[in-house]
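Let me begin by presenting the structure, written as structure tokens, before commenting on it.
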Amino acid sequence: AQSVSQHNHHVILSEAASLELGCNYSYGGTVNLFWYVQYPGQHLQLLLKYFSGDPLVKGIKGFEAEFIKSKFSFNLRKPSVQWSDTAEYFCAVIVFSGNTPLVFGKGTRLSVIA
Amino acid sequence: DTEVTQTPKHLVMGMTNKKSLKCEQHMGHRAMYWYKQKAKKPPELMFVYSYEKLSINESVPSRFSPECPNSSLLNLHLHALQPEDSALYLCASRGDSGNTIYFGEGSWLTVV
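Residue numbers (this note's numbering), protein chains in the order written: chain A, 1 to 114; chain B, 1 to 112.
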């Protein structure tokens with residue numbers, strides 16, 4: 001079964017700092033990869049997704065992620081964070097077949113301070 | 001229409017109550033899911049329905065009872081819940097093409 005590892009439990013950054021959140025998955029076959037964000041007290045929102053093609057994926061709110069197949073990684077990046085980016089970030093993977101569910105990493109809490 | 005609609009958005013219930021959460025999608029998706037999410041934790045899979053049949057039950061206590069009356073609807077019946085069952089309950093659906101999953105906004109459940 002597939003699994004997802006997010007290396008950082010809690011990241012604290014100052015405004016305008018650059019962000020990179022790590023995500024690794026374990027599965028040998030074809031997968032689709034996602035990053036979700038959850039602002040305090042709110043529901044999940046999809047930031048970006050990778051299915052195929054260009055391994056550099058751009059999402060909403062200035063986020064991007066790079067799929068590196070050889071490293072089984074899908075790290076999330078943003079060049080300059082804002083206070084409003086304070087949230088939980090979840091990496092997730094789904095196997096490209098059948099009805100298998102989306103599997104989430106444990107999440108990374110991002111706190112952006114002024 | 002790429003929406004998964006969940007009702008109610010908020011529910012407060014006593015430990016002896018019986019209530020239901022409802023999920024609806026009109027995208028023709030044949031796989032539907034229930035997840036449970038506690039604060040600051042990732043969503044945890046509860047149930048998977050495929051073509052209106054229960055295909056995965058992640059050892060969920062029987063006080064949670066899923067139901068799929070038709071291909072557009074997924075219910076979660078709640079009975080004799082505990083305070084620790086308070087959480088955000090998320091519904092999701094997935095199309096046959098396999099590569100897109102849609103989440104509803106969730107139902108915030110508080111058990112008192």
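Virtual Cβ for every residue (Gly too), placed ideally from N, Cα, C.
Using a C-beta cutoff of 8 angstroms, does residue i count as contacting chain C?
i: A:E66; result: This model lacks chain C altogether, as its protein chains are A and B.
Tell me the residue span of the beta strand (DSSP E) that contains residue i.
i: A:E88; result: 87 to 95
i: B:C91; result: 87 to 94
i: B:P69; result: 64 to 70
i: B:C23; result: 18 to 25
i: A:A78; result: Note that residue 78 of chain A is Lys in the sequence shown here, rather than Ala. Residues 73 to 78.
i: B:L54; result: 53 to 57
i: B:M15; result: Neither: B:M15 is in no beta strand (DSSP E) and is coded neither H nor E.
i: B:S107; result: 107 to 111
i: A:Q38; result: 31 to 38
i: A:T108; result: 108 to 113
i: B:L81; result: Here B:L81 belongs to no beta strand (DSSP E), and DSSP marks it neither H nor E.
Nearest to residue i by CA position, among the options, is which residue?
i: B:H29; options: A:F72, A:G107, A:N99; result: A:N99
i: A:S84; options: A:I94, A:F72, A:A16, A:C23; result: A:A16
i: B:F103; options: B:P8, B:M46, B:L90; result: B:L90
i: A:R109; options: A:T30, A:F96, A:L48, A:E20; result: A:E20
i: A:P40; options: A:A87, A:F96, A:L102; result: A:A87
i: B:V48; options: B:Y33, B:H26, B:E3; result: B:Y33
i: B:L88; options: B:N70, B:M15, B:E44; result: B:E44
i: A:G28; options: A:K49, A:K106, A:V93; result: A:V93
i: B:S97; options: B:K19, B:A31, B:L78, B:K38; result: B:A31
Pick helix, strand or coil for residue i, following the three-state DSSP scheme.
i: A:S14; result: strand
i: A:E179; result: Lying before the first or after the last residue shown, residue 179 of chain A is absent from chain A, which here runs from 1 to 114.
i: B:S97; result: coil
i: B:K40; result: coil
i: A:S70; result: helix
i: A:K52; result: Rather than Lys, the amino acid found at residue 52 of chain A in this sequence is Ser. Coil at A:S52, not helix or strand.
i: B:E3; result: coil
Less than 6 angstroms between C-beta atoms, sequence neighbours within five positions excluded: which residues of the same chain meet that for residue i?
i: B:D85; result: V111
Near residue i, which residues of its chain fall below 8 angstroms by C-beta distance, leaving aside the five closest residues on each side in sequence?
i: B:T126; result: Within the shown structure, residues of chain B are numbered from 1 to 112, placing residue 126 of chain B beyond reach of any answer.
Suppose the cutoff is 7 angstroms on Cβ atoms and the five residues either side in sequence are ignored; what does the same chain contact list for residue i look like?
i: B:Q113; result: Since the first residue shown for chain B is 1 and the last is 112, residue 113 of chain B is missing from the structure and cannot be characterised.
i: B:V12; result: T110, V112
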